[in-house]
Structure formats: structure tokens, C-alpha cells
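> Just dropping this structure here.
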Amino acid sequence: MRSLLTTLLLLLWAGSVAAAPVKTEYSTADLLSNQQQIKAGDTFYLGLELELREHWHSYWINPGDAGLATAIQWDLPPGLTAGDIEWPTPKAIPLGVLVNYGYEGKTLYPVPFTAGPDFIANGPVQIKAFATWLVCEDICVPDQANLSLRLNTGAGENKTDAARIAAAVQALPKPVSAQQLQAGFSSDAKSIQFHFAGPLLQGLKLKSKQLRFFPTDSGAVKHSAPQTASFGENGFTLWTKPGFRAKRGQVDVFDGVLVIGKGKSAKAWSVSAKSGLVPAGSGATTEPSAIPAQKSVSGGLLTALLFAFLGGVLLNLMPCVFPVLSMKVMSFVSAAHAEAAKIRRHGILFLIGVLLSFLFLGGLLLALKAGGQQVGWGFQLQSPIFVAAVAILFFVLGLNLLGVFQIGGRLMGVGSSLTEEKGNGNAGAFFTGVLAVVVASPCTAPAMGWALGYTLTQSAPVSLLVFAALGLGFAAPFTLLSLRPGLLKFLPKPGAWMERFHQLMAFPMFGAAIWLVWVLGGLSGSNAITAMLIAFLLIGFAFWAAKGKWLGKSTAVIAGVLALFTLWNGLSSPDVSKLQPEPWSVERVAELRAEGKVVFVDFTADWCVTCQFNKKTSLSTKRVAQAFAKEGAAFLVADWTKRDDAIAAELARHGRAGVPLYLVYKPGQSEPDILPQILTPKMVEQAITSTSDYF
134 MRSLLTTLLL LLWAGSVAAA PVKTEYSTAD LLSNQQQIKA GDTFYLGLEL ELREHWHSYW
194 INPGDAGLAT AIQWDLPPGL TAGDIEWPTP KAIPLGVLVN YGYEGKTLYP VPFTAGPDFI
254 ANGPVQIKAF ATWLVCEDIC VPDQANLSLR LNTGAGENKT DAARIAAAVQ ALPKPVSAQQ
314 LQAGFSSDAK SIQFHFAGPL LQGLKLKSKQ LRFFPTDSGA VKHSAPQTAS FGENGFTLWT
374 KPGFRAKRGQ VDVFDGVLVI GKGKSAKAWS VSAKSGLVPA GSGATTEPSA IPAQKSVSGG
434 LLTALLFAFL GGVLLNLMPC VFPVLSMKVM SFVSAAHAEA AKIRRHGILF LIGVLLSFLF
494 LGGLLLALKA GGQQVGWGFQ LQSPIFVAAV AILFFVLGLN LLGVFQIGGR LMGVGSSLTE
554 EKGNGNAGAF FTGVLAVVVA SPCTAPAMGW ALGYTLTQSA PVSLLVFAAL GLGFAAPFTL
614 LSLRPGLLKF LPKPGAWMER FHQLMAFPMF GAAIWLVWVL GGLSGSNAIT AMLIAFLLIG
674 FAFWAAKGKW LGKSTAVIAG VLALFTLWNG LSSPDVSKLQ PEPWSVERVA ELRAEGKVVF
734 VDFTADWCVT CQFNKKTSLS TKRVAQAFAK EGAAFLVADW TKRDDAIAAE LARHGRAGVP
794 LYLVYKPGQS EPDILPQILT PKMVEQAITS TSDYF
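In the working numbering, the protein residues as written are 134 to 828.
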């Protein structure tokens, strides 16, 4: 009897060598070992095996646009040391406009172990692991398992587990030497290029659609951007869009996995791409999609200067510039009696004002780009304050051209300043050039785009030279008239027609102002548009009041101050084109429902790819924001990026194990409506409308 009991206990003890798999609703986790007997000095592998539901996926060390990498916490006996997870080759998993890196189906994560000299193997050894992973399909669920394994129990080797781990290790991305494969990268604000060349690539069939570099750094690339290849004699270059870390230019090495091919025949290598290294024969000369554009700029600096000068000349004909500069031509006509030397001096000062202004804009643009910002010509129009200021300037100039008021010679033109008896008008001539560049800044003329595009790839001195050529072209017609006053005889003689021409030119100015109000609306929302229109009304009233005796200048000043206050309030008020969220809590939901409001609750997380997809395609749209504003609905966010017991309990109360979850509480309903996991703007709009029943 005792012998039978002993045998039974030994069998039970031996049976406990293999850990029992842990099953959850969406996955199964198991812990494997490639050897059952270990002693001091041994190196061996354990493996975490995850089997997911069909169409569900887990994540690589770099999850891509959203997600959370699998992690393991070990509880080990003295003398045993666990290494890092040796990550299997990932695959790109797209979801709408987002891309994740991860795994589907069954995946085994090998982990190397070392038994140090202090490891004592005089009995069974228990190894415990706490594994956490994220599984996603339409929803994302944080999963976990407590796993354990007993070694040194006297049981025979488990050849099946050893073979599975061996196969997983064999399939890992292979390390390569610099002699086999050289890898480097170069980047700017718009693109990052990964260069690969070496004997390892010889004889391989390289196709652009079967090449991908998976960086371990989540900030290396824009994950959803395609990777296109250009080929050289010894390798290829992958072109894609840079991530936030690459844009800063502060990374010396990007580690990652280079995958060539598809499916089971794919080859994968662990590589380290070094900054600035461009291996010979890697095909790094030009991006495939940019070949036609590159051919068009082959003329170099002289061609760029010519196009910049021509673009500057044509800029005078743009709607936002022509009215102001045409007034200056008319001022030349009126000033024909002035002495030639004075006309020339003012023309040169106008030229200097234009040149310095263009160089200032060019220098500012280059400085911002050097700081990692993606800017181009007209970048100042991304500032709501600047857009509002220029819109007011155009509106005021339009009022002046209609004769509502007179600004005076120093602001409106070189020619008018020459007619002044007092002062020499030098400052007026210079600042007229500055004003001309300010009103020209929203416009782009033909040939300008090519020349400015050339500056993106050049050094700062060359870029500023192109901006100077642009300024020379812009100032050329009026500087030429000032240096050759005799040309004025070809212009019509002064007369009553000039007054009508002044008034006609007011309407392009008003048109430019209207366009800028539209731009402002895109930047700051409908509140800013309303504030801008009220400011126009008050400014117009102020200039009209200043001319009359009945109201006087004090009324004009008050109206002007009110205009500025209205505009400032409009620019600083919340943008209804974007939702204004507040943190979720059970208490806050109850308060808002007691007030009779519609309440939309977004249960989300940064690692939830479906959440980020819905945020980008639906919850961040102007249409949805305007629907919330119209309905007066509240938008609450329950952020589950970090574990939160209150959020977990609320998810469970509604029968959910993960995010996203979208709840809509309507007045008169005891329970909320639950929206689908994939949203559309129309769906959200209908759901929050209290008078409609979405379901």
C-alpha cells in the first residue's frame, strides 16, 4: 500500500512538470521549457505561448500606432536569471488609417535563461511567471495569466515542448554582421530613408511590396505611411514618413527587423541602422515617387534664382497685392513733378524694405524648420492672430480705397510720400516696401512654388539667396519706375479716372479679407468668424464716426476698442470644431443627467487601436463637434490607458471586458444606449440627438 501511494505521488509530482494552460475568453496562455533537468552553468529557454481567437491580435515590442507589448514578470529561485523576450518577426496589421505591429493566431515568445554558479539543483525547481498582454479586434481587452512550471522533478524530457521552442528560436530574426549587411538611415522633416546593402542581399528577388523595416523605436516612422523602395546595385533604400523622434534628428541608431518576402518564405534580420550611413549601391539617390519632380529641378541654383525672380514679378499681379501696388503706380503719376533724385532714392528705399522683409520671412522659415517644424511659404497663416491682423489690414485698406477715410502718404505709397512738403518721406518709402510684403504673404505666384521647393534641400545661405531673388523680382517694377522716371509718360495722365480706379481696387481687398476670415474659421472655429465680422462692423463704424462732428473721435476710439475686445474673445473662446472632453466619473454622469443633458461617454485607452481609429475618423470631426454644440451634449472620457478599478467595474456592468465602449445617456431613459465598436460621424450625430432614437 505504501509503495502504491509513493508511486502515485511521484506520478502526480512528475505530472506537475508541465504547467496547465490558462484559458481566458479571448486567448490561451501556456509556459513551456526546452529541458526538464537544469544544473549550474546551464543555458536554456522557456517559452510563453499565446493562442488567440481568430481575427484577434496581440502586439510586438513596438505596437505601432496603438497597442501594448506583451510583458512577463518572473518569480525565480536563487541563481536563475531571465533574459529579455526574443521577439518573433511581427506583421503589419492595418485598421483603417492606423497600422499596428503584432501577431495573430498562435505565437511562442522564447525567453533565454541562465543557471548561475550559485544555482543549487538538489530538488524540484518552481518557476512562476505573471504574463500580461493586450488582445484586440473591434475591442481591446487587457489579458493576464499566472503561470508556473516545475523543473528537476525527475520526469523525462518533453520532446514536444523542446521542438516547439527550437522551431520558434530558429524562426527569430537573424542577427547579421556589418560585412554581411550594412544599414543606415537619413532623414529630414518630410521623409526618412533606411539604406541597406551587402552580400546578404545578393541573389534575392527584391520587390518593393515585399520589403518592410519594423523599427523597435515607436518614434522612428509614421507607421501608417507606406514604405517604398528604390534599388541599387547592392541593395535598396526604403522611403517613408518620419516619426516624432526621427524629426528631432537626435537619434544615432534605429534598431529593428528587416523583412524580405511574404508568408513562410519571408526572411527576417535584426539590424541596426546608423544615422548618416549610406552604403554604396543602396539605391539612395532618389525616392521612387519623386523621380519626375527631381528631373524638373536639375537646372540648379541659377534656374532657382530665375524662377524666384519671375515669381516675384508675377506676385505683383496677385489679388491681395495688386490693389496696393497699383496705388503706388498712381502715386508715381501724381508725383511726376518731383525731382528725379528724390524719386530714385525712394524707389531704392522701397526695394530695401522689400528685400529685408523677404529675408526676414526666409530666415524665420529656415529657423522653424531647423527646430523640427514642418513649415513652408505662408506658414504665418497658421497663426490665428496673424490671420486676423492681416484680414483687418485688408479691410481697412479697402475702406481707405473707397474714401471712407484717408490713411496718409507714409502708409499708402511711395508716390504720395514724395508729394508731401514736410519731411523727406524716406521712412514712408521703406515701410511701404514692408507693407507690400505683408499683404503679399498670403499669396503664391506661378514659378514661386518651384523656387521655394528648391530651398528645402539647400543650405541656409543658398536658401536666403533665393528669397532675395524673390524680393528683387517683387520690387523690380516699381524700382524700375523710380530709376527711370521717364517711363511714367507711358502711363495715363492724372484725372478723375484715378478716383474711380481707387474705389474699384477696394473690392479685391474686401475679397482677400473674406478669404482670410474663411481661413480663420478653419483655424479657430465659427466663434472666430462671428467675432471677425463684428470687428469689421465696429472698425467700419469707428472710421465713419471719426469723420463726423456729431459723434467725434472719442466714439471712434470706443468702437475700435470694442472691436479688438470682440476679436480677442472670439479667438480665445473654445473651438466648437473640436470636442471639449472632461474626465468621466459615475458622479459626474449623475450630475449631468440631473441637469437634463445628453451625456456621451467614451471608454478608451491609448493602446486601443479601435479607439484611436474612431477618435481620428469620427470623434475629432467638425461635424460631430458641431452636433455636440448644437445639442448641448456633454462629452466624458473614461481613460483606461492605466488600470482603473472604477472603469473596469463600469465596463463589467455593461457586459464588456475591454474598450472601446460608447454610452449615450438621454433624458428620460433609465439605461444608456450602447453604440457599436466602429463609429461613423453620422452614427454619433444621430445617437446624441435627444429627439431621435438611434436604435
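Ideal placement from N, C-alpha and C gives every residue a C-beta, glycine not left out.
1. According to DSSP, is Ala330 helix, strand or coil?
2. According to DSSP, Asn279 sits in a beta bridge with which residue or residues?
3. Would you mind stating whether Phe640 and Thr565 have Cβ atoms separated by less than 7 Å?
4. Report yes if the C-beta distance between Lys261 and Asp294 is below 7 Å; otherwise report no.
5. Tell me the DSSP secondary structure of Asn167 in three-state form.
6. Anyone know if the C-beta pair for Leu337 and Gln169 falls short of 7 Å?
7. For Ile821 versus Phe733, is the C-beta spacing smaller than 7 Å?
8. Would you please state the rounded distance, in angstroms, between the beta carbons of Gly376 and Ala353? I believe it to be under 8 Å.
9. Is Trp717 buried or exposed, if buried means 16 or more other CB atoms sit within 10 Å of its CB?
10. Ordered along the chain, which non-local residues of its own chain (more than five positions away) have a Cβ less than 6 Å from that of Ala406?
11. Would you check if the region 761-773 and the region 223-232 touch, i.e. whether three or more CB-CB distances between them fall below 8 Å?
12. Pick from Leu305, Pro814, Gly604: whose alpha carbon is nearest that of Trp193?
13. Who are the near neighbours of Lys555 in its chain, counting only those whose CB is closer than 6 Å to its CB and skipping five residues on each side?
14. What ranges does the alpha helix (DSSP H) occupy inside the region 722-805, keeping only unbroken runs of at least 4 residues that lie completely in it?
15. In this structure, what does DSSP give as the bridge partners for Lys380?
16. Give me the residue from Ala584, Ala608, Ala609 with the minimum Cα distance to Leu597.
17. Return the Cβ separation of Leu179 and Trp266 in integer angstroms, given the expectation that the two are a contact with Cβ distance under 8 Å.
18. If we count the other Cβ atoms within 10 Å of its Cβ and call it buried at 16 or more, is Leu671 buried or exposed?
19. With a threshold of 16 other CB atoms inside 10 Å of the CB of Thr373, please say whether the residue is buried or exposed.
20. State the DSSP-derived secondary structure class of Ile811, mapped to helix, strand or coil.
21. In or out: Gln810 buried (at least 16 other Cβ within 10 Å) or exposed?
22. For the alpha helix (DSSP H) that contains Ile905, what are its first and last residues?
23. How many Å lie between Lys355 and Leu231 at the Cα?
24. Of the residues Leu712, Gly606, Ile647, which one's Cα is nearest the Cα of Leu447?
25. Could you give the C-beta distance for Thr240 and Ser320, rounded to a whole number, given that I count them as a contact under 8 Å?
26. Which one or two residues does DSSP pair with Ile325 in a beta bridge?
27. Any Cβ of chain C within less than 7 Å of the Cβ of Val302?
28. With burial defined as no fewer than 16 other Cβ atoms inside 10 Å of the residue's Cβ, what is the status of His479: buried or exposed?
29. With a Cβ-Cβ cutoff of 7 Å, do Pro610 and Asn449 count as a contact?
30. So which of Ala779, Gln745, Gln636, Asn167 has the shortest CA-CA distance to Val302?
31. Going by DSSP, what residue range makes up the alpha helix (DSSP H) through Lys292?
32. Exposed or buried, which one is Trp189 when buried takes at least 16 other CB atoms within 10 Å?
33. Looking at the secondary structure, which residues open and close the beta strand (DSSP E) in which Ser829 lies?
34. Please state the DSSP three-state secondary structure of Phe387.
35. Just list the residues that DSSP pairs Tyr236 with in beta bridges.
36. Provide the residue(s) that pair with Pro227 in DSSP beta bridges, ordered along the chain.
Checking against the coordinates, here is how it stands:
1. strand
2. Phe263
3. no
4. no
5. coil
6. no
7. yes
8. 5 Å
9. buried
10. Ala316, Gly317, Phe318, Phe327, Phe387
11. no
12. Leu305
13. With a pLDDT of 42 at Lys555, under the threshold of 50, the modelled position of that residue is not reliable, and the figure given next carries that caveat. For Lys555, where only same-chain residues beyond five positions count, there are no Cβ hits under 6 Å.
14. 742-747, 755-764, 778-786
15. According to DSSP, which records beta bridges pairwise, Lys380 is partnered with nothing at all.
16. Ala584
17. Rounded, the Cβ-Cβ distance is 16 Å, inconsistent with contact.
18. buried
19. buried
20. coil
21. buried
22. A question about residue 905 goes unanswered here, because the residues of the chain that appear run from 134 up to 828.
23. 10 Å
24. Gly606
25. Going by Cβ atoms, the distance from Thr240 to Ser320 rounds to 32 Å, so no, they are not a contact pair.
26. Ser320, Thr373
27. As a matter of chain content, chain C is missing from the structure shown, which is built from one protein chain.
28. buried
29. yes
30. Asn167
31. 292-303
32. buried
33. A query on residue 829 cannot be resolved here, the shown segment of the chain reaching from 134 to 828 and no further.
34. strand
35. Ser191
36. Val232
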